[in-house]
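Have a look at the structure below before the remarks.
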Amino acid sequence: MNTSIYSRIDENKRQTIYIMVAFTAVISAVGYFAGQYFGEGSGLTFLGFALIFSGISGFISYYESDKIVLAISGAKELKESNNLYVHQLVENLCIGSGLPKPKIYVVDDTAMNAFATGRDPQHAVICFTTGIIDRLDKLELEGVVAHELSHIGNYDIRLMSIVSVLVGTIVLLSDWFTRGMFYGGGRKKDRGEGSGALMLIGLVLLLLSPIIASLIKLALSRQREFLADSSAALLTRYPKGLADALRKISSDKEVLEAANGATAHLYITNPLKGNQVSFMAKLFSTHPPVAERIRLLEEM
Amino acid sequence: MLPTLLLIAVPVLAVVYLIGIYNSLASLRVKVKEAWSGIDVQLKRRVDLIPNLVETVKAYAKHEKEVFEAVTRARSALMSAGSHKDALQADDQLTGALKSLFAVAEAYPELKAQEGFVNLQNELSDTESKIAYSRQFYNSVVRDMNSKIVTFPGNIFASTFGFKQEEFFEAGDAEREPVKVSF
Chain G
3 MNTSIYSRID ENKRQTIYIM VAFTAVISAV GYFAGQYFGE GSGLTFLGFA LIFSGISGFI
63 SYYESDKIVL AISGAKELKE SNNLYVHQLV ENLCIGSGLP KPKIYVVDDT AMNAFATGRD
123 PQHAVICFTT GIIDRLDKLE LEGVVAHELS HIGNYDIRLM SIVSVLVGTI VLLSDWFTRG
183 MFYGGGRKKD RGEGSGALML IGLVLLLLSP IIASLIKLAL SRQREFLADS SAALLTRYPK
243 GLADALRKIS SDKEVLEAAN GATAHLYITN PLKGNQVSFM AKLFSTHPPV AERIRLLEEM
Chain D
810 MLPTLLLIAV PVLAVVYLIG IYNSLASLRV KVKEAWSGID VQLKRRVDLI PNLVETVKAY
870 AKHEKEVFEA VTRARSALMS AGSHKDALQA DDQLTGALKS LFAVAEAYPE LKAQEGFVNL
930 QNELSDTESK IAYSRQFYNS VVRDMNSKIV TFPGNIFAST FGFKQEEFFE AGDAEREPVK
990 VSF
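Protein chains in written order, with my numbering: chain G, 3 to 302; chain D, 810 to 992.
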């Protein structure tokens, strides 16, 4: 099925809203139950606190996530005079996809990887490692750039940075709660017996919410990777370029020191290089297995 | 009460609906124009680069008259092109003429070593791929516009509002073969 780029963008923007609503609901529920647990009637106060907290972190992430990520990764801006080749390559693909040219950053690392971030195409950044620029040939690098541009054009960058922060918030809230329960267990006596069943559901929800939230985030991230691969093939008209690049990158055993668990989902392939074999490993992986991505690209 | 309400609401909703269809078609038409101007900018850049190139090559290879003539002819055809289609046809001709010009240049090692020539060659090949990419983008926007015009409900109103299907400009060379992509 041939889906127009515009309809995919609409779908992604809609999905962003659904996800924000769903996460807000989960955060509210977590906040409410946590409050009720610590003292009858304080649920609403705690809920308000949770919402304000997630609101602020969401707001900051919307405007600042790109700068934070670039700072964490130790990336520096690449001037056009320093590398005309990369700038021309990115500019040409932008012309093909109708996107404004993003800022280009580099991480000085011989490992091969790349990511895109920012809140919309007008404020987007593509970041390369020096290794990927030096070690891929032009057609392969074009495939990688097209993949990253697709993340930008499809608004994946916005979706993923907002989701990351919301998941982080849920994990943090639930963490606070479990600590509170552990240390302040004595207050349990205050609770009335009537709400016992409801509290039990709340408790299960609280303990499971970080895992569920992370799983949603990871499934979403994997879905985005497939989508970006196919959009990239559509843009370069040469799926083999990206397939070759993925093969080269995955056979490279070097680990990117600048990446960590918080930024792993951003990169074109998983920078942490775990062996993804078991079902559980797949479930908790930020990226679909490279072999599967290459197979799909070569079938196009 | 209810019948009067319906009597007002139905026409109002119908008008709002029609305005929506008109606006989406109109914004697509603007996008198509914008995409064309993207091609146009690159064509102009290419046209501007050519006199310099011809002068540089002439300094080393005076007697290759035919090649220079072919390039100059294609260039002026491109500059005077009346329609989009003519412009792109002339551009394809220019691509062919430039190919033979660079083939000729191969025979002159001093020319090939000259920095100005190398820069021009790089810039022209960059412009060539920019033209190819802007054509590709143009085609994708035209595809959106045309499919809106031929599918329901656009097909009923497009001709009434005066929207016509736009022409595709596939790349002249077989270098960039289309790929089938499924999601």
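Beta carbons are placed, not taken as given, at the ideal position from N, Cα and C, and that holds for glycine.
Just so you know, these numbers come straight off a predicted model, no measurement behind them.
G37(G) is positioned such that its CB atom lies no closer than 7 Å to that of T26(G). Excluding sequence positions up to five before and after F977(D), its CB lies within less than 6 Å of the CB of N948 and V951, all in the same chain and listed in chain order. By the rule that beta-carbons nearer than 7 Å mark a contact, I97(G) touches chain D. Within the stretch 90 to 153 of chain G, the complete alpha helix (DSSP H) segments at least 4 residues long are 132 to 137, listed from N- to C-terminus. E79(G) is bridged by DSSP to Y107(G). Under the Cβ distance rule, G243(G) does not count among the residues neighbouring chain D, no pair being separated by less than 7 Å.
Close to chain G, meaning a Cβ-Cβ distance shorter than 8 Å, are the following residues of the stretch 945 to 973 of chain D: Q945, F946, S949, V950, R952, D953 and S956. Neighbours of D935(D) in chain G, taken as residues at a C-beta separation under 8 Å, are given in chain order as Q90 and N94. When secondary structure is reduced to three states using DSSP, Y20(G) falls in the helix class.
For G155(G), the nearest beta carbon of chain D is not closer than 7 Å to its own beta carbon.
About 6 Å separates the CB atoms of V32(G) and S176(G); that is less than 8 Å, so the two are in contact.
One alpha carbon belongs to G98(G), the other to S67(G), and they sit about 27 Å apart. With a cutoff of 7 Å on beta-carbon distance, T131(G) and N115(G) are scored as near each other. A distance below 8 Å between beta-carbons, with the five flanking residues on each side excluded, links A215(G) to the following residues of its chain, in chain order: F25, V28, L168, V169, I172 and V173.
Contacts with chain D (Cβ-Cβ distance below 8 Å) from the stretch 116 to 148 of chain G involve no residue at all. In the three-state reduction of the DSSP assignment, Y64(G) falls in the helix class. Between the stretch 820 to 837 of chain D and the stretch 857 to 869 of chain D there are fewer than three inter-stretch CB-CB distances shorter than 8 Å, so the stretches are not counted as touching. The bridge partners DSSP lists for Y269(G) are F117(G).
Between the stretch 929 to 940 of chain D and the stretch 214 to 228 of chain G there are fewer than three inter-stretch CB-CB distances shorter than 8 Å, so the stretches are not counted as touching. Contact between the stretch 286 to 298 of chain G and the stretch 136 to 151 of chain G is not established, with fewer than three Cβ pairs separated by less than 8 Å.
Our two residues, M162(G) and K219(G), have alpha carbons roughly 8 Å apart in a direct line. Counting along the chain, V257(G) sits inside no alpha helix (DSSP H), nor does DSSP assign it H or E at all. In this structure R181(G) is exposed. Its beta-carbon is surrounded by fewer than 16 other beta-carbon atoms within 10 angstroms. Taken atom to atom, the span from the alpha-carbon of W845(D) to that of A899(D) is near 16 Å. Assigned with DSSP and collapsed to three states, G971(D) falls in coil, not helix or strand.
With fewer than 16 other Cβ atoms from the protein chains shown falling within 10 Å of its own Cβ, I74(G) counts as exposed. Not one beta carbon of chain G lies nearer than 7 Å to the beta carbon of K874(D). Pairing L80(G) with V109(G) gives a Cβ-Cβ distance that is not under 7 Å. Taking a cut-off of 8 Å on C-beta distances, the stretch 907 to 926 of chain D touches the stretch 868 to 888 of chain D, as three or more cross pairs fall below it. The beta carbon of S943(D) is closer than 6 Å to those of G847, I848 and Q851 in its chain, skipping five residues each way along the sequence. In the assembly as shown, G100(G) is a buried residue. Its beta-carbon has 16 or more other beta-carbons within 10 Å.
The stretch 52 to 62 of chain G and the stretch 86 to 96 of chain G do not touch, with fewer than 3 CB-CB distances between them shorter than 8 Å. DSSP, read as helix, strand or coil, puts P962(D) in coil. Cβ neighbours of K103(G) within its own chain (closer than 7 Å, five residues either side excluded): V92, E93 and C96. Under the DSSP assignment, Y917(D) falls outside any alpha helix (DSSP H); it carries neither an H nor an E label.
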